[in-house]
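Numbering (the numbering used here), first residue to last: 6 to 144.
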Amino acid sequence: MSLHKWCFSYSTNDFLDLHFYQSSEESITKTLGVLWNSSSDTFCFKVSPSTNNIFTKRDVLSQIARIFDPLGLLGPVISKAKFFMQQLWLLKLEWHEKLPVPVAAEWTSFVQTLPALEKLKIQRFVLSENLESINSLWI
Numbered sequence: 006m007s008l009h010k011w012c013f014s015y016s017t018n019d020f021l022d023l024h025f026y027q028s029s030e031e032s033i034t035k036t037l038g039v040l041w042n043s044s045s046d047t048f049c050f051k052v053s054p055s056t057n058n059i060f061t062k063r064d065v066l067s068q069i070a071r072i073f074d075p076l077g078l079l080g081p082v083i084s085k086a087k088f089f090m091q092q093l094w095l096l097k098l099e100w101h102e103k104l105p106v107p108v109a110a111e112w113t114s115f116v117q118t119l120p121a122l123e124k125l126k127i128q129r130f131v132l133s134e135n136l137e138s139i140n141s142l143w144i
């Protein structure tokens with residue numbers, strides 16, 4: 006019996022007695038909504054920033070919602086975006102009203118930095134390689 010859609014971070018040479026079905030040679034797999042590179046055993050991110058040049062409060066909220074991070078690894082980035090959204094509420098802007106020029110420039114600057122998240126690689130394994138040396142682990 007062959008396993009289908011099975012992905013792991015060890016090389017297949019370690020498991021020569023098992024037969025695996027590989028649909029592609031791509032090492033990036035979507036795992037519970039998070040992109041996982043099985044060859045380097047790292048989490049990575051894919052963002053799709055808006056190409057719009059005119060922003061409204063609705064566009065800002067839409068862009069924030071597109072950043073999917075169920076593990077909270079991008080917390081500082083998402084917090085900055087939510088803080089910006091809070092500033093829009095304090096300005097009492099309507100949903101379809103264009104952002105004022107200085108505010109729009111600040112948001113454009115933030116959106117232009119989002120593609121840098123795709124270069125971010127976070128190791129999946131965070132413990133010491135030598136697990137016998139760990140006496141206790143507090144989470």
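Every residue gets a Cβ at the ideal spot worked out from N, C-alpha and C, and that includes glycine.
In its chain, beyond the 5 residues on either side, Pro54, Ser55 and Gln68 have a beta carbon closer than 8 Å to the beta carbon of Val116.
For Lys85, the uninterrupted alpha helix (DSSP H) run begins and ends at Gly80 to Leu95, by DSSP. In this chain, Trp100 is not harboured by any beta strand (DSSP E), its DSSP state being neither H nor E. Among the bridge pairs identified by DSSP, Thr34 is matched with Trp41. With at least 16 other beta carbons inside 10 angstroms of its own, Trp112 counts as buried. Counted as a single uninterrupted DSSP element, the stretch harbouring Phe60 is not any alpha helix (DSSP H), since DSSP gives it neither H nor E.
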